[in-house]
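These protein sequences, in sequence, are chains A and B.
To convert, take the position in the first sequence, counting from 1, and add 123; that gives my numbering.
To convert, take the position in the second sequence, counting from 1, and add 908; that gives my numbering.
Cβ atoms here follow ideal geometry from the backbone N, Cα and C, with glycine treated the same way.
Notes to accompany the following structure.
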Amino acid sequence: MDPTEALEEHFRRTVEGEQRIEPRDWMPDAYRATLVRQIAQHAHSEIIGMQPEGNWITRAPSLRRKAILMAKVQDEAGHGLYLYAAAETLGTSRDQLLDLLHRGRQKYSSIFNYPTLTWADVGAIGWLVDGAAITNQIPLCRCSYGPYARAMTRICKEESFHQRQGFELLHTLSHGTAAQLAMAQDAVNRWWWPSLMMFGPPDAESAHGARSAAWRIKRHSNDELRQRFVDMTVPQSEVLGVSLPDPELRWNAERGHYDFGALDWEEFRAVVRGDGPCNRQRLAHRVAAHEEGAWVREAALAYAEKRRREPAA
Amino acid sequence: MSSSGEWPLWEVFVRSRRGLSHTHAGSIHAADATMALRNARDVYTRRGEGSSIWVVPASAITASSPDEKDPFFDPAADKVYRHPTFYDIPDEVRNL
Ligand SMILES: [Fe+2]
Ligand SMILES: [Fe+2]
């Protein structure tokens, strides 16, 4: 066996034996590249995801809701940081990843290219978007790459508050005045389908599914996770007293699952391409925040450098 | 900002409560040690997960190769007499 083959064999056995791969282990180049792409996209989603909800912080209807929303948005920043740190263990720098995001060379989840038009959207995001994210993320806690799995474990613990505060917010609205109920229903109508798209294209079109499964990066297919999310969410919608905007949605006793209508994949592809309602705005805001913060980063480094040269008396 | 202007990387170790040792939590970027401690607090202990934090410049850590097949750990592999189960003790002996 030549040395590379022996390394590959050792890697394969480690992964198949449900052991974790750690940063300094040998790993195939394609495994490393796949992880960098996936973790970076995930990190970008967390920090871009601060924008739609951040939009409502100053207009939250009570101090209680405002404190909750600030804590949630701050958590999303934290999630981005855990994930950037995990990606960096694979040999990329933070600056490189941000640069790829800013130049549109790496993606973030399309869901964040939809606008938050009313206060009820904050509830719908917590309930549906965080809910879909949790469904996607729980299996990643057992991902074969150690630092990613550890970051995901931390994130999943924090996400449950995100989903619950969203549900509570919507529940308060849907049991309030007729206008509040209508606002909640409108938000759910707009966020339902994009949330289902968060699981990615149908399995038949999913490009890297089989390889990621063999590497124990992805443990369930897109369609499996989407179904799981629908099955969990429909009964919750009944408690909320809102309907889901899908006339084909019904329980299928034979399958033991809810059937649901076809997704508009043309819309999905358009948003991924950059033609969603807020793509340009989200990226421009992100780039501006980075550039306008440059002097702070430079000043902090200059101050640290000065302190090193002349320690305080 | 160019990558040469990136804040240095720090590894973060958190003691979750008294009586436990510090455990690696992750890493952060910061310009200096004071900022590293503050950033570590904000990133890794937002829910009371810590009673003490260490931050260490990542560049100051010397690490062994993590591969368990590495001969580095061989000296420990053949010394079964370091484990209590190696010894034959009559069954009737108690508290040993
Ligand atoms: Fe998050
Ligand atoms: Fe979240």
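query	result
Nearest-angstrom Cα distance between Met909 (chain B) and Asp950 (chain B)?	Because Met909 (chain B) carries a pLDDT of 38, less than 50, the predicted location of this residue cannot be relied on, and the following value inherits that uncertainty. Cα to Cα, the separation comes out at about 24 angstroms.
Which two residues bound the contiguous alpha helix (DSSP H) that contains Glu347 (chain A)?	Asn345 to Leu363
Using only the heavy atoms of ligand 2, determine whether one of them is closer than 8 angstroms to the beta carbon of Glu281 (chain A).	yes
Since His380 (chain A) sits in a beta bridge, which residues does DSSP pair it with?	A:Asn375
Which value, in whole angstroms, describes the spacing of the CA atoms of Val395 (chain A) and Arg265 (chain A)?	28 angstroms
Looking at the strands, I want to know which residues DSSP matches up with Ser935 (chain B).	B:Glu919
Measuring alpha carbon to alpha carbon, tell me which of B:Leu928, B:Gly913, B:Ala933 and B:Gly927 ends up nearest Val920 (chain B).	B:Ala933
Counting only Cβ pairs nearer than 9 angstroms, list the residues of chain A close to Gly934 (chain B).	Leu204, Tyr205, Ala208, Ala209, Pro270, Arg273, Ala274 and Arg277
Could you tell me the distance, in whole angstroms, from the CA atom of Ser972 (chain B) to the CA atom of Phe980 (chain B)?	8 angstroms
By DSSP's criteria, Tyr268 (chain A) is part of a beta bridge. Which residues make up the other side?	A:Ile144
Among the residues of its own chain, which have a CB less than 7 angstroms from the CB of Ala210 (chain A), if the five just before and after it don't count?	Val159, Ile162, Ala163, Ala166 and Leu220
Applying a beta-carbon distance threshold of less than 8 angstroms, which residues of chain A neighbour Ser929 (chain B)?	Neighbours of Ser929 (chain B) on chain A: none; closest Cβ ~17 angstroms, over 8 angstroms.
Report buried or exposed for Trp374 (chain A), applying the criterion of at least 16 other Cβ atoms within 10 angstroms of its Cβ.	exposed
Please list the partners that Gly913 (chain B) has in chain A, where partner means a Cβ-to-Cβ separation under 9 angstroms.	Asp218, Ala417, Arg420, Glu421 and Leu424
Tell me which residues share the same chain as Gln286 (chain A) and place their Cβ nearer than 8 angstroms to its Cβ, disregarding the 5 neighbours each side in the sequence.	Gly249, Trp250, Asp253, Gly254 and Ile257
Nearest to Glu117 (chain A) by alpha carbon, out of A:Asn259, A:Ile261, A:Ser318 and A:Leu240?	Outside the displayed span of chain A (124 to 436) sits residue 117 (chain A), for which this structure offers no information.
Which runs of the alpha helix (DSSP H) spanning at least 4 residues fall entirely within the stretch 301–338 of chain A, listed in chain order?	301–320 and 332–337
Taking only runs that begin and end inside the stretch 956–999 of chain B, name each unbroken beta strand (DSSP E) of 3 or more residues, in chain order.	960–965
On a Cα-Cα basis, can you pick out the residue from A:Pro368, A:Ala327 and A:Ile180 that is closest to Met193 (chain A)?	A:Ile180
Between the Cα of Glu176 (chain A) and those of A:Pro151, A:Arg378, A:Leu213 and A:Thr239, spot the shortest distance and give me the residue it belongs to.	A:Thr239
Out of curiosity, what's the CA-to-CA distance linking Arg926 (chain B) and Ile961 (chain B)?	12 angstroms
Can you tell me whether DSSP reads Ile257 (chain A) as helix, strand or coil?	helix
If I measure Cβ to Cβ from Ser335 (chain A) and keep anything under 7 angstroms in the same chain, skipping five residues before and after, which residues do I get?	Thr157 and Lys341
Does the Cβ of Glu371 (chain A) have 16 or more other Cβ atoms within 10 Å, making it buried, or fewer, making it exposed?	exposed
In this structure, does DSSP put Met275 (chain A) in helix, strand or coil?	helix
Quick one: measure Cβ to Cβ for Gly246 (chain A) and Leu296 (chain A), integer angstroms, because I've assumed they're closer than 8 angstroms.	7 angstroms
Is there a Cβ of chain A sitting closer than 9 angstroms to that of Leu1004 (chain B), yes or no?	no
How many whole angstroms separate the CB atoms of Trp915 (chain B) and His937 (chain B), which I take to be in contact at a CB cut-off of 8 angstroms?	4 angstroms
Out of A:Arg273, A:Ser360 and A:Tyr237, point me to the one whose CA is closest to His298 (chain A)'s CA.	A:Ser360
Among B:Thr942, B:Arg923 and B:Ser924, which one has its Cα closest to the Cα of Ala423 (chain A)?	B:Thr942
Can you confirm whether Ser910 (chain B), when its beta carbon is compared against all beta carbons of chain A, has any partner nearer than 9 angstroms?	Because Ser910 (chain B) sits at a pLDDT of 40, beneath the cut-off of 50, its placement in the model cannot be relied upon, and the following sentence gives the value as read from the coordinates. Yes, because at least one Cβ of chain A sits closer than 9 angstroms to the Cβ of Ser910 (chain B).
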